[in-house]
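Have a look at the structure below before the remarks.
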Amino acid sequence: MRKLLVLLLFLLTISGHSQEYFPKNDGVKQSFKNYTAFTNATIYLSATQKIEKATLLIKENKIIEAGTNVTIPRGAAIIDASGKTIYPSFIDLYSEFGINKPNARPSGNFTPQYDANREGFYWNDHIKPEYNAYENLNYDSKGAGNLREVGFGTVLSHHNDGVIAGTGLLWTLNDFGTNADRMLKDKVSQHFTFSRSKFTKQSYPSSMMGSMALLRQVFHDAKWYAQGNASNKDFSLEAFNSNKSLLQIFNAGDKLNALRTAKLGDEFGIKYLIKGSGNEFERIDEIKKSGATFIIPINFPDAYDVSDPYLAQQVSLSDMKFWNQAPFNLKILADNNISFVLTTSDLKETKSFLSNLRKAVLYGLPKEKALIALTEAPAKLVNQYDKVGSISKGKLANFIIVSGDLFEEKSTILENWVQGNQNIIDKINPTDIRGTYDLVFDNHKFELKIDGETSKFEAKAVKDSINFGTKIQFNDPWVNLVIKNQDTTKANFVRLSGTFSKDLMQGKAVLENGNETFWTATKKVTEVKEEVKKKEDKKEEPKAPSIYAVTFPNISFGNEIKPKQETILFKNVTVWTGEKEGNLKETDVLIQNGKIVKIGKNLPTSGAKVVDGTGKHLTAGIIDEHSHIAISNGVNEGGQNSSAEVTIEDVVNSEDINIYRNLAGGVTSANLLHGSANPIGGRAAFIKLKWGYAPEEMLVKEAPKYIKFALGENVKQSNWGDNARNRFPQSRMGVEQVYEDYFTRAIEYKNEWDTYKSGKVKNKILPRFDIEMEVLGEILAKKRFITCHSYVQSEINMLMKLAERYGFKIQTFTHILEGYKLADKMSAHGVAGSTFADWWAYKYEVNDAIPYNAAIMQNEGVKVSINSDDAEMSRRLNQEAAKTVKYGNVTEEQAWNFVTLNPAKILQVDNKVGSIKVGKDADVVLWSDSPLSIYTRAEKTLVDGIIFYDLEKEQEVMSAIQKERAELINSMLDAKNKGMKTQLPKKKENGHYHCDTLGEYCKESHYKYN
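Quick note, the sequence shown lines up with residues 31 to 1040 if you use the numbering used here.
This is how it looks when you write it as C-alpha cells:
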C-alpha cells in the first residue's frame, strides 16, 4: 500500500512542476497536491544541528517543517524512517554536468593562428566571458543519477574552456522537471583558468605566464572600456564587466598555481574561489596566508603496482608519498581553518566520491566540517542558502535518506529527494532474506545459503557437501533461483520462481527436462555458534596509517623543517674574495644574520658554529646569468612577436629538483630568462636558490629589472617547420623592423599619456593602459635592462646601433658567440657579454664560435660572464669557468669572477653578492679543493647565511630516501594484497627548458629523485 501511495505522489508532483500558466494540450490539466511525512528519523537540519526521532514534512517541492513535534496533516503519505538518517543533499560548485559542448578543433600540424577569428569580441579567442552555460544545456539523466547516488542534489555547471570561460548556472538534479524547473540561478559565477580554449587555434597565450599577462590586460581593458573610452563595440568586455558581481571561480589546480591565482586576485581586489588539486597541504602556510576559499577534489591516487622491482624504480618518491599523504589534505586544511567546499571533479568515476569522502574522515577530517563543505558552505558562496544547504522551513525539499551514519562504510544512501521528487537508490526498508534454508523440490533436499548485501544477495545450494552453482534475483516479494547441475559435459539448469513471506519461499520449479513441480525453502533457526562465528569473523575496523612527513618541497631531498639562518665561523680556509684583496690563505670568515660580518685571522668562536676549512676553499656563490630552471609551464611565450607583458616572476617553480642540484654545484643565484621564441621576449626573474622556500621568498624583489630580447634563427622561426613560418618577422632584416615598430609605438604611447596627464587638452579621452607598452617605456627610461640572445656579428651590431638611436644601451648580449669579432664595439657601447665556455656548431649560426671568445672580449674591456642556459651545465659552471684558463690564459681569479662577481655586476647586484666582502649577503660555498678543479666538490652551500646544501649530510639523506621508498613500496604491496585498486607504475616527466623550448612542457626527463 505504501508503494502505491508513493507512486501516486510521483504522478502528482510531476504535474505540479509544470508552469501553471502554460496551456496543456496533451491531456487534462489537473494537479493533486499532498504532504509527505518522514517519521522517526535522525535528521541533520544542518551540519551542526541534529535531532533524533524527528519528522520531516514536505509538500510539493518545499520543506514545510522539520522537528520532534511536527503535526502531520490528515491524508499525508507517511514513510517510516526508523533507524535512518536524513541529511541536506550535497551541492557541487564545480561541474560540467549537462553542458552541451561544441566539437573540439581538429588536431594536427596546422599553421598557427595569430589573430582572433571573431569580430565584435575581444582580440583574443581564449577570452570568452560572453559564454553562458545556461544557454548551452543538455540535461543528462544518467549523469544526474550518478551524482544523486553519491548524495548530490544541486550542481553549478560551467564549461571549463578558455582563460576566461564564461558564466555558470546553478541547477538541481531533478529528472522530473524541465530546465526551467531545475534552474535556481541562470548566472551565478564567472570562470577562469590558466589554459587555452580547445576550440580555437589562436597561438597566444602558449604559456602560463602568457595566460596571467592576458588576464591582467583584460582587467585593465575592461575598466577602460567601462569608462566609455573605446570607439568600438566589444561584447566580451561588456560581458566581463557585467559578470563582475558574480562569484569568481578560478580553476588553478596545483598549489603553486593556487598561490599565483590568489596573488593575481589581490592585484585587482578579487577574492577568487579557487579550484585546487588536492596537494594544498604541501604549501599549507602559504595557502593559509592567501586567505582564499577552495574547491577541493577528493581524487586520491591508487597505490602503484610495485611488485616488479624494475618497474617500481620508475615511480618517484614524491608520487609514492602523495599516495600516502593525499587523504590527509582535507584534515590539514580543516586544522588550519582554511575554508573549502568539495567537488566530484577530477574523479574517474563519480561513484568513488563517497568512499573517498569516508576515507578523508577516517584520516582526520571532522564529520561536521565535511558536511559544511557539502551543504551550507557552497550554498552560502552562491547566495542560495535561502533555498538549499540545510533542512528548514521554506527551502527546497532536497535531502538524502541514509541507512545510518553517512560516514560509516556500511551505510548506504537509500533515497535522494530533489525538489520534492523521490529518487530511489536502494530500498528504504529492504526485506532481508539472508540466512540458511532447507530447499526441497522433486524429492531432492538442498541446503540453501543466502548472504551478501541486501542490495545484492548471493546464494549457494549444497547437497552432500557438493556445491551447486547458484544465482539469485530478489525483487520483493519475487524470488528467482537458477541452480546448475554437476554434469560437466553439458549445462543443465533448474529454474525456481516464487515468492518470499515470513521466512518461507515457495513457488514453481522447472526441471532440467522441462517438467514442472512445486518447491519450498524454509529458513532454519540460527544457531548460537553461527552467531559467535560471525562475530569472530567480523572485519577489523579500518584505521588510518601514519602520514609521512611533508617536506619542503615535498620531493626527494626536501627538508622536513625549512632551514634557518645560523651564525657560522669558517676557520683556516683559503678565501677567494673576488675583490682587490685576492685569495687569502688560512683565513676566518664569520657569518651572522645572513651577512658576512668579519674576515680575518684567529676570529673568536664564541656562539658560532665552527666549520674547519683547513685545506679547503671558500668562495662567493656562483651566479648563473642565463638560466631556465625553476620555471613552471613554459619558458617561451611565442604566441606573438613581442611578449614584453609576460614575466617569469609569475611562474617561479620552487619545486624544481634542479634547484637542489644547482646548490650541489655551488650555484646560489640565477637569472631566470624567458626563451628566444620572439624578438621581444618576457621579463626576467632574479632568484636566490632557497631550496624548500616558496617562490615569493626566492625572488630578489629589489634587484634591477631585466627583459629578454632575441636575435637570429629562433625568432625568425628558421627551425619551427614549414607549417609554422607565418609570423612576422621571417628575416633578420624583419627583426630590426620589429624593434623599430615597437619602440616607436612606445614613444607614441608615452606622449599620449603625457598629453593626457598635462590637462592641456579639452574633452580628453583616457588612453588605454597597455602592459606591453609600459614595459617598453621602462627600457626607454633606462629603468629596465635588456639581455639579448645573440649569435651573429651583423645582428649584434644592428641592435647596439638601434639602442643608441633610441637613447639607451643594451645591458648584456647572452650567448654572444661571435662577440670576439666586434668586442671593441661592444666595449665602446658598454654592453656585457655572457657566453658559453666552449659550445659551438650546434646550429648553423654558431659555426664561427671559438673557445677563446670570453678571453678576447675581456681583453677588449667587455664585462664577461660564463652562463649555462642549461640545467645540467649549471651544476658545473665552476668547470666551465676553468676552461677559460686554458682557452685564453686568463688568471684563475679572473676565471672565477666569470661566474661570481662579473655576473653580479652585469645584473647590477654586486653590492649584495658576487664576492666575499664584509656587509655582503652570506651567499658562499665551501669547496673541498680549488673551485676550478675538476675533482673539487661543493661541501656546503649557503644562501643568506642558511645552509641549503651539505655534502656531509647527503649520504644520510640518501639513506633516508632509500628507507622511505622501501617502506612505501611495502605499504603499496600490502594494499595490493588486500585487494585495493592499483595503478601501473608511471615515470614522472620533468624535463629541462632551453631557449628554444616551445609549449608548456619539456621533453627531457630526469625523474629518479623527484
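From the three backbone atoms N, C-alpha and C, an ideal C-beta is built for every residue, glycine too.
Asked	Found
For glutamine 79, the three-state DSSP class (helix, strand or coil)	strand
DSSP bridge partner residues for valine 6 (one or two, in chain order)	No answer is possible for residue 6: it lies beyond the span of the chain, which begins at 31 and ends at 1040.
Proximity to threonine 649 [Cα-Cα], best of Tyr786, Ala925, Leu384	Ala925
Limits of the unbroken alpha helix (DSSP H) element including serine 241	238-256
Three-state secondary structure (DSSP) of serine 382	helix
Three-way DSSP call (helix, strand, coil) for valine 920 in this model	coil
CB contact flag (isoleucine 443, leucine 372, <9 angstroms)	no
C-alpha distance - glycine 544 paired with valine 524, whole-angstrom precision	9 angstroms
Glycine 1021: CB within 8 angstroms of a non-hydrogen atom of the ligand ATP	With respect to small molecules bound, the structure shown includes none, and the ligand ATP cannot be examined in it.
Same chain, Cβ closer than 7 angstroms to threonine 1027, neighbours up to 5 away in sequence not counted	Val665, Asn666, Gly705
Selection from Phe799, Lys735, Ala638, Ile430 that minimises the alpha carbon distance to lysine 812	Lys735
With 16 other Cβ atoms within 10 Å as the buried cut-off, status of threonine 208	exposed
Beta-carbon spacing of threonine 202, aspartate 211 below 9 angstroms	yes
Candidates Tyr786, Phe600, Ile598, Asn589: closest to tyrosine 690 by CA position	Asn589
Rounded separation between alanine 409 and valine 218 - CA only	11 angstroms
Buried versus exposed, by CB contacts within 10 Å (16 or more), asparagine 927	buried
Given aspartate 854 as reference, the closest of Asp974, Met830, Phe838, Asn133 once Cα atoms are compared	Met830
Beta-carbon contacts of asparagine 428 that lie in its chain and below 8 angstroms, excluding the five residues immediately before and after	Pro118, Ser119, Gly183, Thr184, Thr202, Val418, Trp447, Val448, Gln449
Beta-carbon contacts of asparagine 287 that lie in its chain and below 7 angstroms, excluding the five residues immediately before and after	Phe224
The beta strand (DSSP E) enclosing glutamate 488, as first and last residue numbers	486-493
Supposed contact pair leucine 214 and isoleucine 421 - C-beta distance, whole angstroms, cut 8 angstroms	With a Cβ gap of about 17 angstroms, isoleucine 421 and leucine 214 do not count as contacting.
Cut-off 6 angstroms between Cβ atoms - residues of its own chain near isoleucine 846, not counting five sequence neighbours on either side	Ser820, Gly863, Thr865
Secondary structure of aspartate 771, DSSP reduced to three states	helix
Run of the alpha helix (DSSP H) containing phenylalanine 270, from where it starts to where it stops	265-272
Rounded separation between serine 187 and glycine 196 - CA only	11 angstroms
Host alpha helix (DSSP H) of tyrosine 340 (start-end)	339-342
Where the beta strand (DSSP E) through glycine 1088 begins and ends	Missing from the structure shown is residue 1088; the chain here goes from 31 to 1040 and no further.
Beta-carbon proximity of asparagine 671 to proline 759, cut-off 9 angstroms	yes
Between the CA atoms of phenylalanine 206 and alanine 134 - distance to the nearest angstrom	31 angstroms
Per-residue DSSP class, three states only, for leucine 998	helix
Inside the stretch 844-879 only - beta strand (DSSP E) runs reaching at least 3 residues	862-865
Closest Cα partner of asparagine 168 within the set Ile886, His189, Thr597	His189
Anticipated Cβ contact below 8 angstroms, phenylalanine 324 with glutamate 312, distance rounded	Contact doesn't hold; Cβ gap of about 14 angstroms is too wide.
Enclosing alpha helix (DSSP H) for alanine 407 [first to last residue]	406-411
6 angstroms CB neighbourhood of glycine 308 in its chain, flanking five on each side removed	Pro327, Ala356, Asn359
Test: asparagine 204 CB closer than 9 angstroms to a CB of chain D	Protein chain content of the structure displayed is limited to a single chain, and chain D is not contained in it.
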